[in-house]
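*Asks:* After the structure tokens below, expect a handful of questions from me.
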Amino acid sequence: MEALARPHAGAGEVRMLGLPAEIAFLADHGVPPVQLQEAARLAERTGVSPSRQVIASGLVAEEQFYRALAAELGLRFLPRPPPLQPGGDIAAILREGLAVTRVRPDSPVRFAAAPPPGPALRRFLAAGARARGDIVVLPPSALAAELRRANAGTIARAAAWLDEAGRQRFSARTGTNWLQKALAFILVAVLSVTGTLAPTLTLVGVMLTLGPVFFGAVILRLAAMMERPTIDLWREHRWQIDDSRLPVYTVAVPIFGEEAVLDQLIDALAAIDYPAAKLDIRILVEEIDWGLRRALAARELPPFMQVVIVPRGAPQTKPRALNVALAEARGELFTIFDAEDIPDPRQLRLAAARFLRSGADLVCLQAHLVIDNTEDGWLAGCFALEYAGLFDVLNPGLLQSGLPIMLGGTSNHFRTQALRRVGGWDPWNVTEDADIGFRLVRTGGYIADLPSRTLEEAPSKLRAWLKQRTRWYKGYLQTLISHLLLPGRLLSEAGLLSTLTFLVLTLGTLLGTFFYPVFAAVTGTAILSGSLLSPDGPLELLLSAAALALACGGICVVFLIPALGAWRRGAIGLWRWLPLLPIYHLLASLAAWLALYEYLNDRFAWNKTAHGLARSSRYRDRARSPALTDAAAIPAPLPPADARY
């Protein structure tokens, strides 16, 4: 570091400046006291330890800080740790920064010390462990990496919920129980027999049985559409919180084979507007992903980012990687970004302000996901319409009514303790985001809307889109089955309204998607033949009225919600794709049937979506422009004049 090459300060000068003990020794190792004094002032203003500020700001690199610490105490410094003794409470070891090494006859070293900035570092300095031959000093990131390596098996089992605590939780790993299997067998048998003997009567019976579910789905969505988003909080700038009050924020970024978007990802994370000393950004990389590991090793990351190698193990899924990050997270708050995400730089500040102004029962915030590559064809355009309806209409409407939602896989913000209470994410669920939201609601928490936007890349090729959507629907099925293992417990924990909403959003979505082609064909045929509009007798009149009401409501849901969402986003150019939504939903039905096939044959397979393939991008065209930042941060009730899709 350039600062360490400068002349030493005198001891008198250091005392005169009144530097904190945890950074004062740096003045004797080449760091200008004036810069240390400025770092101490900024640390006090931000509410962090001076040592954390010195490292996070880049004034002194982590390795050089601990090299200077070792020299100050007369201890030996090692950039890489000696072999460590496995076992123990890894989180506690990292908090204190003192690990026991493996006993070796050729080495007197018994302890590896890497006290993290803050109280642990101050305690280490106060202990005065000078010139001890059995202690070596090393950087905290090196200690953490070696602890993961030494305890890889234990960490992998805990992250996969295969340890004792994990096996006590309900999970997609167990699949269906005997009662669910028996009910499914009976249902298939009855439908097979009645469908053979009386196909028309069977179809009418199925429609009557499923009618309440579909009506519930339609009514729920129409009611959400009637809710107006609340933006007064943001318009009044109540989100502006002094840096000293902001909590430490952990940002987890699970990635696999994402070399194509790595530079974009690092730029987007570096652009986050949050005190660097309060950022704990963890880029989660699978141990076997050698290409990405090499690519990251060749890049110099900001000091508040670290690469976390996830120990190999099964299942190799995003939620398992997130559980590894959760175990070590420093932050009071926790969020997730995907590899291709470009979040609004102020998103963490907005989320932190909302959490600070709310009670502890607010456990999660969901930001709005916006498709960036809308000019990549009709599939990406319809995807953008779908997301506009979901994140600007349906989710805000449900949340404003106090109902749960199906979380998106990214840009959801949590209280870390709430996540730890439920054990983190189900590592066996391939749509872990849908599952975790309901787990949190079942513990008594609630979810709220966060009016901040994150740009995402949508698959523009049919094969990639089908693979992604198949995984989503398979995850919905896993979520439905695992939460209904004990229906009575679900009802008692979540309450009646939340349970019904859960059933509508999971069961209703799956059934509606499965049978969308059938109902569309039957309804269309009945209208064209005239039988639906000219019923014979009271029973047919009742059935026709119900079918027409459901058809009209379904059409409103299919077209009006995405159209309203696009209008609220100021993206009415997306309306040109509205006529193609029926075809889009036909493809979704195909994906749902593929998901059912996969669930029966390869339940835990994770269909990876490739990124970095977009041909169009508003972010690349208008990178870091004030117009994009303003529009992305705070949605306006009217379309912003500069927005374009």
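Note that the working numbering numbers the sequence shown so that position 16 is 965, with each residue one more than the last.
All C-beta atoms, glycine included, are put in the ideal place defined by N, C-alpha and C.
With 16 other CB atoms within 10 Å as the buried threshold, where does Arg1184 fall?
*Replies:* Reliability of the predicted coordinates at Arg1184 is poor, the pLDDT of 49 falling under 50, and no value is obtained from them.
*Asks:* Does the Cβ of Glu971 have 16 or more other Cβ atoms within 10 Å, making it buried, or fewer, making it exposed?
*Replies:* Classification of Glu971: buried, given that the 10 Å Cβ count is 16 or more.
*Asks:* Can you tell me whether Tyr1546 is buried or exposed, with buried defined as 16 or more other CB within 10 angstroms of its CB?
*Replies:* Its Cβ having fewer than 16 others within 10 Å, Tyr1546 is exposed.
*Asks:* Taking DSSP's pairing of strands, which residues face Glu1056 in a bridge?
*Replies:* Correcting the residue type first, residue 1056 is Ser in the shown sequence and not Glu. DSSP output for Ser1056 lists Arg1053 as bridge partner(s).
*Asks:* With C-beta atoms as the reference, is Leu1233 less than 8 Å away from Ile1215?
*Replies:* Their beta carbons are not under 8 Å apart, which means Leu1233 does not touch Ile1215 by this criterion.
*Asks:* Report, in whole angstroms, the separation of the C-beta atoms of Ala1329 and Arg1418, which I expect to be a contact under 8 Å.
*Replies:* Not a contact, Cβ separation roughly 13 Å.
*Asks:* By how many angstroms is the C-alpha of Ala1075 removed from the C-alpha of Pro999?
*Replies:* So the alpha carbons of these two residues sit roughly 16 Å apart.
*Asks:* How many angstroms separate the CA atom of Asn1556 from the CA atom of Trp1421?
*Replies:* Cα to Cα, Asn1556 sits roughly 9 Å from Trp1421.
*Asks:* At what residue ranges does the region 1117-1150 contain a whole run of the alpha helix (DSSP H), taking only runs of 4 or more?
*Replies:* Correct list: 1127-1146.
*Asks:* Skipping 5 residues on each side, what residues in its chain have a beta carbon closer than 7 Å to that of Ile1004?
*Replies:* Counting only Cβ-Cβ distances below 7 Å, and skipping sequence neighbours, we find Glu1011, Phe1014, Pro1066 and Pro1252.
*Asks:* Does the region 1041-1048 come close enough to the region 1085-1102 to have 3 or more Cβ pairs within less than 8 Å?
*Replies:* Yes, the region 1041-1048 touches the region 1085-1102.
*Asks:* Counting only the same chain and skipping the five closest in sequence on each side, list residues whose C-beta sits under 7 Å from that of Ala1495.
*Replies:* Gly1160.
*Asks:* Assuming Pro1260 contacts Glu1236 under a Cβ cut-off of 8 Å, what Cβ separation, rounded to an integer in Å, is found between them?
*Replies:* Contact flag correct, Cβ pair sits at about 6 Å.
*Asks:* Could you name the residues of the same chain whose beta carbon sits closer than 7 Å to that of Pro1376, not counting the 5 residues immediately before and after it, in chain order?
*Replies:* Cβ within range, chain order: Ala1108, Ala1109, Trp1110, Pro1264, Thr1266, Pro1268, Arg1269 and Asn1272.
*Asks:* For Val1200, report the span of its beta strand (DSSP E) as first-last.
*Replies:* Start and end: Tyr1198 to Ile1204.
*Asks:* Give the range of the alpha helix (DSSP H) segment to which Ser1431 is assigned.
*Replies:* Taken as a continuous stretch (DSSP letters only), the alpha helix (DSSP H) holding Ser1431 covers Leu1411 to His1432.
*Asks:* What does DSSP give as the partner residues of Val1234 in its beta bridges?
*Replies:* Looking at the DSSP assignment, Val1234 forms a beta bridge with Ile1204 and Ile1258.
*Asks:* Buried or exposed for Arg1306, going by 16 or more other Cβ atoms inside 10 Å?
*Replies:* Label assigned to Arg1306: exposed.
*Asks:* Lys1130 to Gly1124, Cα distance in whole Å?
*Replies:* Lys1130 and Gly1124: Cα-Cα distance of roughly 10 Å.
*Asks:* Give the secondary structure of His978 by DSSP, where H, G and I count as helix, E and B as strand, and everything else as coil.
*Replies:* Looking at His978 - three-state DSSP - the assignment turns out to be helix.
*Asks:* Quick one, are the C-beta atoms of Leu1033 and Arg1051 less than 8 Å apart?
*Replies:* Going by C-beta atoms, Leu1033 is nearer than 8 Å to Arg1051.
*Asks:* Assign Glu1207 to buried or exposed, taking buried as 16 or more other Cβ atoms, counted over all protein chains shown, within 10 Å of its Cβ.
*Replies:* It is buried - the Cβ of Glu1207 has at least 16 other Cβ atoms within 10 Å.
*Asks:* Run the CB neighbour count on Asn1378, radius 10 Å, all protein chains shown included, and call it buried at 16 or more, exposed below.
*Replies:* It is buried - the Cβ of Asn1378 has at least 16 other Cβ atoms within 10 Å.
*Asks:* Which residues bound the beta strand (DSSP E) around Gln1315?
*Replies:* Run containing Gln1315: Leu1311 to Ile1320, per the beta strand (DSSP E) assignment.
*Asks:* Count the other CB atoms, across all protein chains shown, that sit within 10 Å of the CB of Val983; report buried if there are 16 or more and exposed otherwise.
*Replies:* When all chains shown are included, Val983 counts as exposed.
*Asks:* In the DSSP assignment, the beta strand (DSSP E) including Asn1361 goes from what residue to what residue?
*Replies:* Where Asn1361 is concerned, the enclosing beta strand (DSSP E) stretches over Asn1361 to Arg1364.
*Asks:* Assuming contact is defined by CB atoms lying nearer than 8 Å, are Leu1434 and Phe1119 in contact in what I supplied?
*Replies:* It is a contact, given that the beta carbons lie within the stated cut-off.
*Asks:* Please classify Leu1352: does DSSP put it in a helix, a strand, or coil?
*Replies:* Leu1352 falls in the coil class under three-state DSSP.
*Asks:* Can you tell which of Gly1240, Ala1219, Leu1022 and Ser1360 has its C-alpha closest to the C-alpha of Ile1230?
*Replies:* Ranking the options by Cα distance to Ile1230, first place goes to Ala1219.
*Asks:* Use the C-beta contact count for Ser1478: other C-beta atoms within 10 angstroms, 16 or more gives buried, fewer gives exposed.
*Replies:* Result: exposed.
*Asks:* Using the Cα positions of Arg1016 and Phe1304, report the straight-line distance between them to the nearest angstrom.
*Replies:* Their Cα atoms are separated by approximately 38 Å.
*Asks:* By how many angstroms is the C-alpha of Val1058 removed from the C-alpha of Ile1084?
*Replies:* Rounded to whole angstroms, Ile1084 to Val1058 spans 6 Å at the Cα level.
*Asks:* So, at 6 Å on beta carbons, what are the nonlocal neighbours of Ala1105 in its own chain, with the 5 sequence-adjacent residues on each side left out?
*Replies:* Within the same chain, Ala1105 has close Cβ partners Pro1260 and Gly1262.
*Asks:* Pull up the CB-CB distance for Ala1121 and Gly1372, whole angstroms please, since I reckon it's below 8 Å.
*Replies:* No, Ala1121 and Gly1372 are not in contact; Cβ-Cβ is about 13 Å, not under 8 Å.
*Asks:* How should Glu1249 be labelled, buried or exposed, when 16 other C-beta atoms within 10 angstroms of its C-beta is the threshold for buried?
*Replies:* Flag for Glu1249 reads exposed.
*Asks:* What does a CB cutoff of less than 7 Å around Gly1503 pick up in its chain, not counting 5 residues either side in sequence?
*Replies:* Contacts found: Val1167.
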